[in-house]
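Following: one structure in structure tokens, then a few remarks.
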Amino acid sequence: MTNTLPTYPDFTILQGDCMERLTEIEDNSVDTIFADPPYFLSNGGISVHSGKQVCVDKGDWDKGGTPEYIYEFNRQWLALCRTKLRDNGTIWISGTHHNIHVVMRCLQELGYKVLNTITWQKTDPPPNLSCRYFNFSTELIIWARKTVKKPHKFNYETMKLLNGGQQMTDVWRIPAVSSWEKQQGKHPTQKPLRLLYRIILAATNEGDTVLDPFSGSGTTGIAANLLGRKYIGIEQDEQFCDLSLRRRQTLEDDKTRQKLFDKMRSTPEETTVLINHMRDTDRENAMKTGFTYMRAGDSKGSLLVKEGFERLGYLCLHTNGDNPELFKLAKKGFQIWTAEALREKGFSAENAPYYAVMRFDPLKSVPYDQPIDLHKRLYTQVARIQPLSDFIGLK
Ligand SMILES: C[S@@+](CC[C@H](N)C(=O)[O-])C[C@H]1O[C@@H](n2cnc3c(N)ncnc32)[C@H](O)[C@@H]1O
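As structure tokens, this is what we get:
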């Protein structure tokens, strides 16, 4: 590894073969493992990248071997990983049909208990050029715990909140890795930070230790550190070790760190919150009736729908920035009412002819712990939309 790169107490990169370097890690010390092992699919296929035909080969480490070799390889690292996990620890392994069935067999043979098989649905897959198959748009991620008997760590409520208050399902719609994640250099199979964000949040708490035996560009470690978890990564390729440390170095700058964190936790699918400033009298009425409203038309009466509205699941009411309360919408979406109809219900709608009316249960406010700056755009009736994660205080 290049000597000039700094080291970090919460971000350790071990260069070398994971079969050897895993043995150096203390047994029963790791809370969760994410592994993105070779899929063994680099056999000369083609795909499209930025409109150009490209070879899908990732590197020598990804070239296929005999079925026996692939089985032995997976069994060996999975056995080593198991000894490193705490008794309530879990492991996540990504793959496609090329490797995932062998991984599943090894997990079962080694005494792990499989918890879920997550389908990661890429929202932006490249086209299939051969037109002889359905387009490949998913990867699978097996989630398993160390033992059959010992319960595992799972932040169920956090996942539910991230999913707008509904149980999170095993289909995750997340875009592939984006250019903002490749500022320090590229890895051919880099995973998106958004995927690791969800995995790490689901299975660990602040201060926990996350291990990745096929660390690549260190995505798992960057997500772990952004979430206040410690990281140990193993990677055989020196250039990728350097790339990981360069990525880690950028987190030393507070602004970059915050920017990455915000990007990582926002997804195009995320539930949004409508922040609605209400006058005292309207607010009282809203709490009586379970309705709230915002201006929905401009002076010509056309509907004004802002980006994120389609994912609206919550609203935050406040009065001049004070007494904010968060509510889940009783029904997704909104109805359009005239100002007159609102006035009949005792509201003081007077700026526009039409209003978007939303229903909520005033008796069930949702606790949240992230301070939101509600004093911005204080006197406007045009609501702001913010992601739900801004409210739920995930660090
Ligand atoms: C699929 S990539 C992981 C990419 C990573 N998830 C990321 O976001 O950058 C697999 C990585 O494992 C490394 N690798 C393959 N076999 C290895 C081994 N036996 N020990 C350590 N690293 C290995 C490869 O060099 C490659 O960088």
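Read in order, the letters of the sequence shown are residues 18 to 412 in my numbering.
Virtual Cβ for every residue (Gly too), placed ideally from N, Cα, C.
Same chain only: Cβ atoms within 8 angstroms of residue i, ignoring 5 sequence neighbours per side
i	result
Q253	Q32, G33, D34, C35 and W78
D407	V290, Q387 and I389
P209	I191, P192, A193, V194, S195, E198 and T236
R265	Y25, F28, G235, G238, I239 and N242
Y150	none
T40	L97
Own chain residues within Cβ distance below 6 angstroms of residue i, not counting five before or after
i	result
I409	L178 and Y385
R190	Q138, T140 and E286
N133	W160 and D187
I42	K101
F231	A52, D53 and P54
Nearest neighbour of residue i, chosen from the options [CA to CA]
i	options	result
T288	R282, R274, T306 and G330	G330
S365	L343, R300 and E174	R300
D229	I249, R265 and L58	I249
E89	E126, L102 and K101	E126
P23	L262, I159 and P144	L262
P379	P192, P341, T136 and K166	P341
E357	K130, K348 and Y371	Y371
A161	A52, N302, N368 and I239	A52
T267	Y214, F151, R282 and E198	E198
M402	Y150, I30, F326 and K166	A quick correction: the sequence has Ile, not Met, at residue 402. When each option's Cα is compared against that of I402, the closest is F326.
N45	I30, P54, L58 and C98	C98
Y214	F278, H335 and G81	F278
F257	E269, K272 and G233	G233
G338	F351, L391, G307 and V374	L391
T306	M375, D270 and E255	M375
F351	K167, T83 and A373	A373
K167	G128, I251 and E324	G128
Residue i CB to nearest heavy atom of ligand 1 below 7 angstroms
i	result
F351	no
D74	no
Q207	yes
W78	yes
E41	no
P144	no
G82	no
H115	no
I135	no
G233	yes
M36	yes
Q200	no
T236	yes
E252	yes
H169	no
D225	no
P55	yes
H335	no
H204	yes
CB of residue i within 8 angstroms of CB of residue j, strictly
i	j	result
Q200	L260	no
L343	S382	yes
T309	F377	yes
R246	V227	yes
R328	A369	no
N302	G363	yes
A219	N172	yes
H115	L157	no
P54	W94	yes
D187	T113	no
V165	K130	yes
L334	M295	yes
L359	G181	no
T49	T298	no
Beta-carbon contacts of residue i that lie in its chain and below 7 angstroms, excluding the five residues immediately before and after
i	result
Q184	K177
V47	K101, L102, R103, G106, T226 and L228
K75	S59, P205 and T206
T355	P370 and Y371
I216	F51 and W109
M281	L210, R211, Y214, A240 and L243
Q117	It should be pointed out that residue 117 corresponds to Ile in this sequence rather than to Gln. Excluding residues within five positions, the ones whose Cβ falls inside 7 angstroms are L157 and I159.
Exposure of residue i, with buried meaning 16 or more beta-carbon neighbours within 10 Å
i	result
E37	exposed
Q275	exposed
L146	exposed
C148	exposed
I353	exposed
K317	Caution applies to K317, whose pLDDT of 47 falls short of 50 and renders its modelled position unreliable; the model cannot decide the point.
H169	buried
K163	buried
Y56	buried
R91	As written in the sequence, residue 91 is Asn, which differs from the Arg given in the question. Buried is the call here.
Closer than 7 angstroms: residue i CB and nearest ligand 2 heavy atom
i	result
D259	Ligand 2 is not part of the structure shown, which contains ligand 1 as its ligands.
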